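Heads up: the sequence shown begins at 3 in our numbering, then just goes up one per residue.
Using N, Cα and C, we set each Cβ at its ideal position, and we do this for glycine too.
Source: prediction; values computed, not measured.
What follows is a set of notes on a single structure, which appears directly below.
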Amino acid sequence: MEESTQIHPEDVANQVAEEQLAEKPGIVGPIFLSIFVLSVSLGLVLMPFFGDREPLAGLLEAPEWWTENIGEYHPVILHLPIGIVFLTMVMEMCRWMSFGRYRPMTGVGLFLGFITGAFACVTGFVDLKIGGMKAESWDDAWFQHMWLGIIFVAILGLALLAKIWGNRSGARGPIYGLLLFGAAGVMGYGAHLGGVKVHKTDPVLNTLKGLDILKPKETEKEKDKKIEQKEEADDGAVKLPKDRLAFAEVMLPIMDTKCLYCHSEEAGKSKGGLYMDTYENLLIGGDSQDGDEYRTLVPGDPEKSYMIEVMNLPMDDDMHMPPSKKKQMEAHEIELLTWWVKNIPASETLEDQTLAEMGAPQNILDAAAKLISPDERKAMEEKGAAEKARAEAEETAKREAVEASLNSLKEDEKFQVAIDYVSEESSDLAFTAVSLREKLDDEILGKLSPVAAALTSLDLAGAAVSEAEVIEQLSKMPNLLKLDLKETELGDAVLDAVANLEQLEFLNLFDTRVTDAGLMKLKPLGNLKKIFLGRTDVTAEGADELKNALPGLEVNLGVN
């Protein structure tokens with residue numbers, strides 16, 4: 003009796019899947035998808051560059067409900083690509099660990115991750131522009147967050163294309179995996195920056211500190227002790243040029259600023275195989291030492307020393323040193339190096355002597371006097387470090403002074419997320435009504451009085467506050483840099499108090515009751531850089547008059 007063969011449904015499914023994969027699909031779909039993905043990625047990259055230009059600027063400035071509403075969707079959408087990419091990575095890792103037995107269909111997931119990521123970038127960009135948040139350079143956390151999001155979407159799009167074209171050709175190279183994990187890494191870091199900026203705390207840093215992986219910061223007592231030690235230290239007299247060691251205190255400092263960024267053994271930088279930080283290394287030379295013609299240093303003969311020759315070559319010569327984009331040698335520095343090479347004895351070791359001991363003429367001593375001596379450089383560095391330490395101590399003292407009042411304020415749940423430090427190191431405070439809106443009344447605003455002087459950012463958007471209370475509180479906030487009064491019932495009377503905020507840089511009066519007459523009160527604000535006036539009674543003529551009084555001011559009137 004023949005033994006019957008049992009066919010498992012799983013085997014049938016795998017066979018069908020393999021047959022489907024074996025069939026090459028048409029090429030129109032992948033080409034269309036490639037064009038779509040690349041076009042969307044290019045659009046996202048160009049978006050920040052055209053945010054202040056028409057027609058995009060007009061759309062963002064339009065006083066329509068939907069302009070601000072688009073930005074409000076950013077925190078809703080941004081979690082979708084994060085979850086999708088994380089799930090896709092888990093599925094792909096399971097496939098790799100099963101050596102291809104498990105074959106997840108992740109193409110759709112990648113496409114959805116790309117689309118939702120693109121929407122997150124657009125809504126986030128609108129939120130930044132409408133909210134007036136600072137995102138102008140790589141030093142700004144919001145700027146980094148924006149660009150990392152765009153880079154993430156672009157890399158994810160390339161990962162999707164790598165998978166689609168790889169499946170079509172049957173290729174199993176590492177490109178798809180590298181792009182997927184690269185996108186996840188960029189996404190993780192960008193999301194981390196955004197989270198830290200929004201929630202005012204760094205969970206990763208807190209974890210590292212809790213596990214004692216990061217060393218605790220230097221205590222104030224230790225900093226004060228260092229400052230005292232620096233102030234008590236004897237600076238000593240700066241050496242005269244004739245008393246400076248020729249190599250260690252004259253020639254080496256020149257090369258330190260002009261040569262060692264590419265030729266330092268200590269820093270592990272040896273462009274062309276050449277180190278220049280010791281006399282012995284100068285004698286050894288670099289990769290191009292193929293005879294006497296290119297010897298870096300020939301003691302006693304500057305004309306045969308290649309290091310002197312390349313300094314004197316024309317700037318457009320490929321062999322000119324330092325490179326044209328680097329800081330160039332000055333005439334007195336070349337004069338010093340040339341004289342030194344000419345006057346050192348031919349020896350495998352150098353007995354460093356002072357300029358006087360080497361018989362330096364007056365023109366060489368005058369050239370050396372133009373240099374910053376090692377003693378002077380050290381004194382400057384110590385002075386800078388002391389000033390930095392003193393500034394940090396003052397900042398800490400300011401923070402300690404406001405700490406008690408802030409903690410007392412945060413005992414009220416209404417203030418727990420509404421007010422916090424601008425950054426972990428700063429003593430400046432920022433208040434936002436985003437979690438309160440119309441619940442923020444005069445009573446709540448009045449409670450800010452104990453910390454008013456420490457506030458540099460005040461957001462009262464949508465608050466139900468009176469002009470009298472706002473005027474009173476603004477008089478206590480001389481350090482404000484940013485003030486947001488949009489969507490309130492405040493009018494020209496408040497601008498009398500605003501005009502006294504000498505440091506103010508950003509002002510949002512969108513959808514308020516201000517007029518041209520009130521706007522003229524702001525002419526003394528010389529530091530004001532940006533103002534929003536959409537949905538107000540301010541006219542274009544009034545805005546122009548303010549701009550004429552404050553050159554460089556950016557006025558956003560919206561579409562009337």
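Close Cβ partners of residue i (< 8 Å) along its chain, the five nearest in sequence each way excluded
i       : result
Thr-108 : Thr-90, Met-93, Glu-94 and Lys-165
Gln-475 : Leu-447, Gly-448, Leu-450, Ser-451 and Ala-454
Glu-397 : Glu-427, Ser-428 and Ser-429
Asn-314 : Ile-336
Glu-311 : Glu-305
Leu-367 : Pro-243, Lys-244 and Leu-357
Which residues DSSP lists as bridging residue i, in chain order
i       : result
Leu-485 : Leu-460 and Leu-509
His-265 : Ser-272
Lys-532 : Phe-508 and Glu-556
Thr-356 : Leu-247
Ile-153 : Beta-bridge pairing links Ile-153 to no other residue.
Gly-493 : Arg-515
Phe-433 : Ile-421 and Leu-460
Inter-residue Cα distance where the pair is residue i and residue j
i       : j       : result
Leu-521 : Leu-548 : 7 Å
Pro-351 : Ile-286 : Looking at the sequence shown, residue 351 is not Pro but Thr. Distance between the alpha carbons of Thr-351 and Ile-286 is about 12 Å.
Glu-337 : Ala-362 : 12 Å
Glu-118 : Leu-82  : Looking at the sequence itself, residue 118 is Thr, so the reference to Glu does not match. Looking at the two C-alpha atoms, the distance is approximately 6 Å.
Leu-276 : Asp-289 : 7 Å
Val-128 : Arg-537 : 18 Å
Gly-187 : His-265 : 34 Å
Leu-150 : Ile-72  : 20 Å
Ala-185 : Lys-344 : 57 Å
Thr-458 : Asp-444 : 20 Å
Cys-578 : Asp-414 : Limits of the chain in this structure are 3 at one end and 562 at the other, which puts residue 578 out of reach.
Thr-203 : Ala-403 : 21 Å
Trp-98  : Ser-41  : 31 Å
Phe-116 : Leu-195 : 20 Å
Ala-463 : Val-540 : 19 Å
Leu-527 : Met-257 : 48 Å
Lys-380 : Asp-142 : 32 Å
Lys-400 : Ile-153 : 39 Å
Ile-37  : Glu-56  : 25 Å
Glu-394 : Leu-442 : 35 Å
Gly-168 : Gly-53  : 36 Å
His-147 : Asp-377 : 43 Å
Leu-555 : Gln-505 : 14 Å
Glu-332 : Ile-177 : 49 Å
Asp-422 : Leu-524 : 28 Å
Asn-365 : Trp-341 : 10 Å
Nonlocal neighbours in the same chain, by C-beta distance under 6 Å from residue i, ignoring five residues either side
i       : result
Val-589 : The structure shown does not extend to residue 589, since the chain is modelled only from 3 through 562, so no value can be given for it.
Gly-302 : Ala-348
Lys-372 : His-334
Asp-318 : none
Val-424 : Asp-430 and Ala-432
Tyr-75  : Thr-125
Leu-503 : Leu-482
Ile-346 : Pro-301
Arg-515 : Gly-493
Asp-513 : Lys-488, Glu-489 and Arg-537
Gly-2   : Since the displayed the chain opens at 3 and closes at 562, residue 2 lies outside it and no answer follows.
Cutoff 7 Å; reference residue i; Cβ partners in own chain excluding five residues on either side
i       : result
Ala-369 : His-334, Glu-337 and Leu-338
Tyr-281 : Phe-249 and Leu-352
Thr-434 : Ala-420 and Asp-461
Ala-235 : Only weak support is given to the placement of Ala-235: the predicted model assigns it a pLDDT of 44, under 50, and the value that follows is read from those uncertain coordinates. Taken in chain order, the list of residues that qualify is empty.
Ser-171 : none
Chain C within 8 Å of residue i, Cβ atoms only
i       : result
Ala-403 : Given the protein chain composition of this structure (a single chain), no chain C is represented.
Checklist entry - Contact between the stretch 68–86 and the stretch 97–105: three or more CB pairs below 8 Å? => result Segments in contact, no.
Item to check | Entirely enclosed beta strand (DSSP E) segments - the stretch 58–125, minimum 3 residues | outcome: Correct list: empty.
Next on the checklist: Does the contact criterion of 3 or more C-beta pairs under 8 Å hold for the stretch 503–512 versus the stretch 485–493?
Outcome noted: Segments in contact, yes.
Next on the checklist: Check whether the stretch 154–165 and the stretch 175–188 touch, using three or more Cβ-Cβ pairs below 8 Å as the test.
Outcome noted: Contact holds: three or more Cβ-Cβ distances are below 8 Å.
Checklist entry - Does the stretch 318–331 come close enough to the stretch 342–362 that 3 or more CB-CB pairs lie under 8 Å? => result Taking 8 Å as the limit for Cβ pairs, the verdict is that the stretch 318–331 does not touch the stretch 342–362.
Checklist entry - Just checking, does the stretch 488–504 make contact with the stretch 455–470 on the three C-beta pairs under 8 Å criterion? => result Yes: the two stretches touch, three or more of their Cβ pairs being nearer than 8 Å.
Item to check | Every unbroken alpha helix (DSSP H) inside the stretch 299–341 [4 residues or more] | outcome: List check, alpha helix (DSSP H) in window: 308–313.
Checklist entry - Is it true that the stretch 256–272 meets the stretch 380–387, where meeting means three or more beta-carbon pairs spaced less than 8 Å apart? => result Judged by Cβ distances under 8 Å, the stretch 256–272 makes no contact with the stretch 380–387, as fewer than three pairs qualify.
Item to check | Complete runs of the beta strand (DSSP E) confined to the stretch 350–416 [at least 3 residues] | outcome: As far as the stretch 350–416 is concerned, it has no whole beta strand (DSSP E) run of at least 3 residues.
Next on the checklist: Assess contact between the stretch 110–126 and the stretch 43–56, defined as three or more Cβ pairs (one per stretch) separated by less than 8 Å. Is contact present?
Outcome noted: When C-beta atoms of the stretch 110–126 are compared with those of the stretch 43–56, three or more pairs fall below 8 Å, so the two segments count as touching.
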